[in-house]
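Peer 1: Questions regarding the structure given below will be posed in turn.
4 protein chains.
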Amino acid sequence: MKTGGGAGGERAPLGRRERLHEIIFEADTPTGKAFDVALIVAILASVLVVILSTMPELRVEPWQGRLYAVEWVFTGLFTAEYLLRLGVVKRPIRYARSFFGIVDLLSILPVYLTLFLADESHPEALLVVRALRLLRVFRVLKLARYLSEATALKRAVIVSRHKIFVFLTAVLIIVVIASATMYLAEGQTNESLDSMPEAMYWAVITMTTVGYGDVTPGTITGKFITAALVLMGYAMIIVPTGILSAEITAHRGKGVSTQSCRACMHADHDPDAAFCKFCGEKL
Amino acid sequence: MKTGGGAGGERAPLGRRERLHEIIFEADTPTGKAFDVALIVAILASVLVVILSTMPELRVEPWQGRLYAVEWVFTGLFTAEYLLRLGVVKRPIRYARSFFGIVDLLSILPVYLTLFLADESHPEALLVVRALRLLRVFRVLKLARYLSEATALKRAVIVSRHKIFVFLTAVLIIVVIASATMYLAEGQTNESLDSMPEAMYWAVITMTTVGYGDVTPGTITGKFITAALVLMGYAMIIVPTGILSAEITAHRGKGVSTQSCRACMHADHDPDAAFCKFCGEKL
Amino acid sequence: MKTGGGAGGERAPLGRRERLHEIIFEADTPTGKAFDVALIVAILASVLVVILSTMPELRVEPWQGRLYAVEWVFTGLFTAEYLLRLGVVKRPIRYARSFFGIVDLLSILPVYLTLFLADESHPEALLVVRALRLLRVFRVLKLARYLSEATALKRAVIVSRHKIFVFLTAVLIIVVIASATMYLAEGQTNESLDSMPEAMYWAVITMTTVGYGDVTPGTITGKFITAALVLMGYAMIIVPTGILSAEITAHRGKGVSTQSCRACMHADHDPDAAFCKFCGEKL
Amino acid sequence: MKTGGGAGGERAPLGRRERLHEIIFEADTPTGKAFDVALIVAILASVLVVILSTMPELRVEPWQGRLYAVEWVFTGLFTAEYLLRLGVVKRPIRYARSFFGIVDLLSILPVYLTLFLADESHPEALLVVRALRLLRVFRVLKLARYLSEATALKRAVIVSRHKIFVFLTAVLIIVVIASATMYLAEGQTNESLDSMPEAMYWAVITMTTVGYGDVTPGTITGKFITAALVLMGYAMIIVPTGILSAEITAHRGKGVSTQSCRACMHADHDPDAAFCKFCGEKL
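Chains as they are written, first to last, in my numbering: chain A, 58 to 340; chain R, 58 to 340; chain W, 58 to 340; chain D, 58 to 340.
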């Protein structure tokens with residue numbers, strides 16, 4: 058979630074380009090925030106239009122034509138916004154290559170491609186990139202410390218990544234073993250379990266307790282294997298929950314003190330510390 | 058869950074209206090508690106009557122007539138209670154506008170409307186508001202510190218609201234992306250996935266591990282997308298669990314006592330501590 | 058899980074009845090433990106026999122006859138055990154009225170009743186009480202501190218009971234409101250949702266993410282209600298998890314120090330306490 | 058996950074056999090790590106080949122022949138690796154008897170057996186053992202402290218094993234009681250519940266919230282039993298989650314540093330502390 062521009066420390070009178078930059082890329086001024094809120098509303102509306110245009114009830118005239126028109130209005134707006142961003146930043150190439158730069162481009166490109174290519178439009182392709190644009194919502198809410206919360210979540214996930222990797226490897230191995238056992242037991246008789254990929258799909262759907270019911274065991278042996286896998290899956294969800302929960306608890310308990318040592322500048326002190334634990338300086 | 062009346066500090070002799078107020082709006086006296094318990098029982102019974110009156114087996118005579126009569130008895134009782142509340146409070150308008158005032162009115166109004174309007178009754182409409190009246194159960198149990206527990210839960214949710222918002226936005230974005238991908242993959246071939254709203258219904262049902270099985274993937278690609286989404290949903294439930302768990306833990310360990318020792322200035326005392334546990338000074 | 062007899066402090070020479078009592082009711086001596094292990098094995102075997110006797114494949118001769126015989130052997134054994142327990146305890150009436158006394162009686166009575174009553178046996182009725190007898194397993198494992206773990210769990214549940222009650226009431230209210238809304242939306246058109254009890258069954262199955270798929274929404278409105286309920290259920294499981302997790306953490310962190318104050322005999326000190334927090338005495 | 062060889066403290070010039078040993082059994086040198094990474098890739102590829110060879114689409118020529126050939130290449134490679142390991146270790150018998158020794162042998166043996174026995178191959182039997190070989194992935198990643206994470210998880214599980222045993226016994230008893238009740242209620246009318254094993258399968262699938270929908274209650278009584286069991290299962294997942302979460306939290310907060318200050322004897326220091334945080338003394 059890089060946001061292109063810095064936080065802007067100088068409060069000197071700004072030129073026109075600088076002011077535009079502040080409005081478009083930052084959310085610290087009222088105008089900048091209003092621009093971002095309007096943008097979020099436009100993104101949400103454009104997502105809604107694409108969703109509506111996939112409904113069979115609205116794929117008849119006059120709805121199809123109207124939705125097509127609205128679609129072009131949003132595409133025009135987003136194109137203007139993209140060009141504005143390119144013109145305002147100091148390094149347009151860097152913006153164009155950034156995560157949001159690519160997402161912004163991809164969210165308008167498919168509409169233009171339909172002019173030159175097939176007449177059969179695939180509006181749903183737009184949704185994938187347009188939905189990513191919704192990540193901008195975090196930027197708008199930056200002031201309200203939402204970003205710092207996202208950062209805290211991210212940190213907890215990062216700190217736990219070794220444990221999560223161990224967990225996912227274990228899940229993978231259990232899925233392979235369970236589906237191979239099930240394939241051995243019912244592969245010949247159960248037509249929805251006639252290959253290993255099907256059996257692995259069954260194992261994932263079962264172990265995560267989704268349980269569609271499109272692939273179910275037909276024999277007593279298969280039911281026994283299923284019960285064993287299900288109880289294992291039921292038990293395994295506990296592991297990562299405990300890991301992350303402990304990680305967040307630990308960071309919360311530790312993170313309270315923001316005091317940093319005057320001598321060695323270390324900041325990670327406990328709230329009850331009276332002396333710097335790195336250099337022994339009194340806090 | 059505002060409860061209309063204060064806790065009543067004065068114990069002076071009360072007039073009739075004051076006594077009625079105490080009985081109806083407070084649960085600190087035996088009579089007041091008895092009234093509230095009787096009210097809860099009546100609400101539960103009236104909910105049960107409405108539930109029974111929707112069953113086809115009981116929609117024939119003589120049951121339908123009997124249930125209809127009981128329904129009117131409860132409506133009469135609740136009307137009397139509502140009028141009593143209006144007459145007893147100092148500011149009837151304020152009560153009528155409060156959450157429980159509106160709920161109390163709405164839970165009797167539909168029955169009277171059936172007299173003037175259609176003969177086809179919709180008893181289930183009553184249930185939605187009658188069920189809300191069950192929230193009064195917390196008021197009756199106030200003395201047993203249930204309300205403070207509800208408050209503790211509410212506080213934990215409020216403190217975590219930024220994290221929960223970040224989480225829900227992430228869930229929304231994942232649902233949109235997953236359903237768009239699925240619609241791209243199976244929209245043409247799978248008739249239960251023939252529009253984006255259907256695909257989003259599928260994504261929510263799948264990601265939360267409900268898995269009805271009324272919408273299931275039909276192709277290998279779709280099954281792969283499903284497995285990926287399911288594992289993501291399986292992993293994501295962990296995040297809010299950890300957040301709330303950490304929040305409750307933190308509040309439990311910390312929140313209650315903010316007293317610090319006058320001698321050694323240590324602050325981390327238990328709520329039941331009478332002496333400083335670090336230096337022995339009286340708190 | 059009361060176990061009838063005390064822990065037996067005296068180690069004086071015992072009479073025959075006392076020795077039998079020690080073997081049957083206690084698990085502290087090798088013979089007593091061996092008796093309990095043999096009992097658990099017998100209970101497990103008798104449960105297995107009843108399970109087997111319900112299988113259609115084994116309801117033909119010669120299996121049915123053999124299982125019937127084995128059933129009578131176990132009934133004989135358990136009858137002998139029950140009479141022995143009655144004869145050995147000091148207060149037979151008190152044992153007969155205790156939880157395990159009633160369970161022990163109920164687990165043999167139905168077999169005798171089949172002699173006088175119907176010829177059609179219902180072996181599954183036995184299972185419910187026989188399964189309860191499995192609770193004795195905790196007694197056998199008493200020495201290995203399993204009971205204390207069960208106690209810790211029980212204490213955590215008890216401490217959290219107010220929060221759990223608040224949670225369950227909220228779940229009940231949500232189930233009633235959601236099922237009434239769903240009944241309003243699809244009650245006329247969806248034949249598996251044609252009464253409130255059916256709708257409440259649907260709400261429970263959906264909210265807990267079981268999702269059988271025998272009752273599913275048929276309209277867009279119904280699907281929207283379902284998605285909302287599902288996300289609510291997905292979010293609500295977090296609440297009790299966090300509550301109990303915090304409770305267990307708190308008890309674990311606090312329970313470490315077993316030091317009690319010499320002056321005031323209070324025991325609930327933190328591990329890092331140097332002075333009694335209740336009376337100021339140095340620990 | 059014993060790994061056969063020690064960590065090797067001596068850095069003296071090694072003989073050829075010692076060097077081979079270091080490459081094959083250890084992951085501390087670049088060559089050793091490269092060997093392990095290559096091995097993991099080979100194992101993953103061989104698992105993929107077996108998965109592909111079960112797909113009906115690839116069970117026709119020329120694919121079947123090609124996959125058969127690749128299968129033999131991997132078997133040859135793994136045979137060479139197995140013999141190399143046997144020749145390099147000081148005590149070949151001990152390696153052959155170790156967990157990985159047996160897994161290594163079992164993962165190649167079935168392919169050779171197809172030469173002498175039936176012509177109908179069961180490649181899925183290979184998967185069960187080949188998947189177990191994936192556990193070697195933890196060894197490769199040893200340097201990156203993944204093993205220590207796995208150890209931390211293992212320790213948390215071990216410390217909680219008494220609680221988990223109590224929990225699983227309770228689940229077993231509830232499953233037996235619930236399935237017996239359900240069998241009593243619907244055993245005569247519901248053909249998918251016509252024996253206790255079927256009812257127990259239903260109870261496990263329901264209680265863990267998988268809910269395939271292949272066995273569902275058909276009567277109001279059955280639906281009531283189901284709702285009760287489901288709410289119980291929904292509540293029970295909380296218990297082990299809380300247990301493990303608390304265990305991990307406790308170990309994280311406590312375990313790592315056991316160093317205590319020489320001046321004030323405080324012990325609760327962070328692992329990265331160089332000075333006592335209570336009195337400033339150098340640790």
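No residue lacks a Cβ here, since even glycine has one placed at the ideal position from N, Cα and C. Please read these numbers as outputs of a predicted model, since none were measured by experiment.
Using a Cβ cut-off of 8 Å, pull out every chain D residue sitting near Gly279 (chain R), in sequence order please.
Peer 2: If you number the second sequence from 1, residue 279 (chain R) lands on position 222. None at all; the shortest Cβ gap to chain D is about 16 Å.
Peer 1: What residues in the segment 246–272 of chain W bring their beta carbon closer than 7 Å to a beta carbon of chain D?
Peer 2: Those residues of the segment 246–272 of chain W that come within reach of chain D (Cβ to Cβ, closer than 7 Å) are Pro254, Tyr258, Val261, Ile262, Thr265, Thr266, Val267, Gly268, Tyr269, Gly270 and Asp271.
Peer 1: Determine, for Leu191 (chain D), whether the minimum Cβ-Cβ distance to residues of chain A falls below 8 Å.
Peer 2: Here the question's residue 191 (chain D) lines up with position 134 in the fourth sequence. Leu191 (chain D) counts as touching chain A.
Peer 1: Could you compute how far the alpha carbon of Thr88 (chain W) sits from the alpha carbon of Ile80 (chain W)?
Peer 2: Position 31 of the third sequence, counting from 1, holds the residue named residue 88 (chain W). Position 23 of the third sequence, counting from 1, holds the residue named residue 80 (chain W). Each residue's Cα considered, the two are about 6 Å apart.
Peer 1: Whose Cβ in chain R lies nearer than 9 Å to the Cβ of Pro167 (chain A)?
Peer 2: For the purposes of this step, residue 167 (chain A) is taken as the residue at position 110 of the first sequence. Near Pro167 (chain A) there are no residues of chain R at all, since even the closest Cβ is about 12 Å away, more than 9 Å.
Peer 1: Got a sec? Which residues, its chain only, sit under 6 Å from Leu200 (chain D) by beta carbon, not counting five neighbours each side?
Peer 2: Translated into positions along the fourth sequence, residue 200 (chain D) becomes position 143. With a pLDDT of only 41 at Leu200 (chain D), under 50, the local geometry of the prediction cannot be trusted, and the value read off the model is given with reservation. Hits under 6 Å: none found.
Peer 1: Only counting the same chain, and skipping five residues up and downstream in sequence, which positions put a Cβ closer than 7 Å to that of Asp271 (chain W)?
Peer 2: By 1-based counting over the third sequence, the position of residue 271 (chain W) is 214. Excluding residues within five positions, the ones whose Cβ falls inside 7 Å are Ser249.
Peer 1: DSSP on Arg76 (chain A), reduced to helix/strand/coil?
Peer 2: For the purposes of this step, residue 76 (chain A) is taken as residue 19 along the first sequence, with counting starting at 1. Arg76 (chain A) falls in the helix class under three-state DSSP.
Peer 1: I want to verify the contact list: residues of chain W whose CB lies under 9 Å from the CB of Ile97 (chain D), in sequence order.
Peer 2: Residue 97 (chain D) sits at position 40 when you count from the first residue of the fourth sequence. What Ile97 (chain D) touches in chain W: nothing, since even the nearest Cβ is about 36 Å away.
Peer 1: Is the segment 153–161 of chain A in contact with the segment 136–143 of chain A, if contact means three or more CB pairs nearer than 8 Å?
Peer 2: Yes: at least three Cβ pairs fall under 8 Å.
Peer 1: What are the boundary residues of the alpha helix (DSSP H) that Leu134 (chain R) is part of?
Peer 2: Taking the first residue of the second sequence as 1, we reach residue 134 (chain R) at position 77. Where Leu134 (chain R) is concerned, the enclosing alpha helix (DSSP H) stretches over Trp120 to Val145.
Peer 1: Should the segment 235–251 of chain R be called in touch with the segment 235–247 of chain W, which here means at least 3 C-beta pairs below 8 Å?
Peer 2: No, the segment 235–251 of chain R is not in contact with the segment 235–247 of chain W.
Peer 1: Cutting at 6 Å between CB atoms, please list the residues of its own chain near Ala256 (chain R), excluding the five before and the five after it.
Peer 2: Working through the second sequence from its first residue, we reach residue 256 (chain R) at position 199. Excluding sequence neighbours, Ala256 (chain R) sits near Ser236, Met239, Tyr240 and Leu250.
Peer 1: Quick one: residues in its chain with C-beta nearer than 7 Å to the C-beta of Arg187 (chain D), no 5 flanking neighbours on either side, listed in chain order?
Peer 2: Here residue 187 (chain D) is taken as the residue at index 130 of the fourth sequence, counted from 1. Excluding residues within five positions, the ones whose Cβ falls inside 7 Å are Ile100, Ser103, Val104, Val107 and Ser164.
Peer 1: Which term fits Leu96 (chain A), buried or exposed, when burial requires 16 or more other beta carbons within 10 angstroms of its beta carbon?
Peer 2: Counting from one through the first sequence, the residue named residue 96 (chain A) turns up at place 39. So Leu96 (chain A) counts as buried.
Peer 1: Starting from Pro113 (chain W), find everything on chain D with Cβ-Cβ shorter than 8 Å and list it in chain order.
Peer 2: Mapped onto the third sequence, residue 113 (chain W) falls at position 56. Near Pro113 (chain W) (Cβ distances below 8 Å), the residues of chain D are Asp251 and Ser252.
Peer 1: Can you tell me which of the three DSSP states Pro274 (chain A) falls into?
Peer 2: Walking along the first sequence from the start, residue 274 (chain A) turns up at place 217. DSSP places Pro274 (chain A) in coil when its eight states are reduced to three.
Peer 1: Which residues of chain W have a Cβ atom closer than 8 Å to the Cβ of Ile230 (chain D), listed in chain order?
Peer 2: Against the fourth sequence, residue 230 (chain D) aligns to sequence position 173. Within 8 Å Cβ-Cβ: Ala188, Leu189, Leu191 and Leu192.
Peer 1: Whose CA, out of W:Val168, W:Val98 and W:Leu229, lies closest to the CA of Tyr125 (chain W)?
Peer 2: Taking the third sequence and counting its residues from 1, the one referred to as residue 125 (chain W) is at position 68. It is W:Val168.
Peer 1: Nearest chain R C-beta to Ala153 (chain W) closer than 8 Å, yes or no?
Peer 2: Here residue 153 (chain W) refers to the residue found at position 96 when the third sequence is read from its first residue. It does not: the Cβ of Ala153 (chain W) has no partner Cβ on chain R nearer than 8 Å.
Peer 1: Buried or exposed for Leu189 (chain R), please, with buried defined as at least 16 other CB atoms from any protein chain shown within 10 angstroms of its CB.
Peer 2: Taking the first residue of the second sequence as position 1, residue 189 (chain R) is located at position 132. By the neighbour-count rule (16 or more Cβ atoms within 10 Å), Leu189 (chain R) is buried.
Peer 1: In or out: Lys147 (chain W) buried (at least 16 other Cβ within 10 Å) or exposed?
Peer 2: Residue numbering aside, residue 147 (chain W) sits at position 90 when the third sequence is read from its first letter. Flag for Lys147 (chain W) reads exposed.
Peer 1: Return helix, strand or coil for Leu234 (chain R), following the three-state DSSP convention.
Peer 2: On the second sequence, position 177 is the one that residue 234 (chain R) refers to. Note that residue 234 (chain R) corresponds to Ile in the displayed sequence, not to Leu. Reduced to three states, the DSSP call for Ile234 (chain R) is helix.
Peer 1: By alpha-carbon positions, which one of A:Val261, A:Arg116 and A:Lys90 ends up nearest to Leu225 (chain A)?
Peer 2: Numbered from 1 along the first sequence, position 168 holds the residue referred to as residue 225 (chain A). Selected option, being the one with the closest Cα: A:Val261.
Peer 1: Compare the beta carbon distance of Thr111 (chain A) and Ser110 (chain R) with 8 Å and say whether it is the shorter of the two.
Peer 2: Along the first sequence, one-based indexing puts residue 111 (chain A) at 54. Along the second sequence, one-based indexing puts residue 110 (chain R) at 53. No, Cβ-Cβ distance for Thr111 (chain A) and Ser110 (chain R) is not below 8 Å.
Peer 1: Return the CA-CA distance between Pro113 (chain W) and Phe135 (chain W), expressed in angstroms with no decimal places.
Peer 2: Numbered from its first residue, the third sequence carries residue 113 (chain W) at position 56. Numbered from its first residue, the third sequence carries residue 135 (chain W) at position 78. Taking the straight line from one Cα to the other gives about 27 Å.
Peer 1: With a cut-off of 8 Å, does the C-beta of Ile108 (chain R) fall near any C-beta of chain W?
Peer 2: Counting from 1 along the second sequence, the entry for residue 108 (chain R) is found at position 51. For Ile108 (chain R), the answer is yes, since a Cβ of chain W falls inside 8 Å of its Cβ.
Peer 1: By the 10 Å Cβ neighbour count, where 16 or more other Cβ atoms means buried, how is Val228 (chain R) classified, buried or exposed?
Peer 2: The count along the second sequence starts at 1 and reaches residue 228 (chain R) at position 171. Burial call: buried.
Peer 1: To which residues of the same chain is Gly279 (chain A) closer than 6 Å at the C-beta, ignoring the five residues directly before and after it?
Peer 2: Taking the first residue of the first sequence as position 1, residue 279 (chain A) is located at position 222. If we look at Gly279 (chain A) and ignore the five residues flanking it on each side, its Cβ neighbours are Ala242 and Glu243.
Peer 1: Does Gly290 (chain A) pass the burial test, meaning 16 or more other C-beta atoms within 10 Å, or should it be called exposed?
Peer 2: Looking up residue 290 (chain A) in the first sequence gives position 233. Result: buried.
Peer 1: Using the Cα positions of Phe157 (chain W) and Phe82 (chain W), report the straight-line distance between them to the nearest angstrom.
Peer 2: Taking the first residue of the third sequence as 1, we reach residue 157 (chain W) at position 100. Taking the first residue of the third sequence as 1, we reach residue 82 (chain W) at position 25. Between Phe157 (chain W) and Phe82 (chain W), the C-alpha separation is close to 11 Å.
Peer 1: Am I right that Leu162 (chain W) and Tyr139 (chain W) are in contact with their C-beta atoms under 8 Å? What's the rounded C-beta distance?
Peer 2: Locating residue 162 (chain W) in the third sequence gives position 105, where the first residue counts as 1. Locating residue 139 (chain W) in the third sequence gives position 82, where the first residue counts as 1. Indeed, because the Cβ distance is near 6 Å, the residues count as touching under 8 Å.
Peer 1: For the segment 134–153 of chain R, list every residue whose C-beta sits within 8 Å of some C-beta in chain A, in sequence order.
Peer 2: Those residues of the segment 134–153 of chain R that come within reach of chain A (Cβ to Cβ, closer than 8 Å) do not exist; the list is empty.
Peer 1: Are the C-beta atoms of Thr276 (chain R) and some chain A residue less than 8 Å apart?
Peer 2: In the second sequence, residue 276 (chain R) corresponds to position 219, counting from 1. Cβ-Cβ to chain A under 8 Å: no for Thr276 (chain R).
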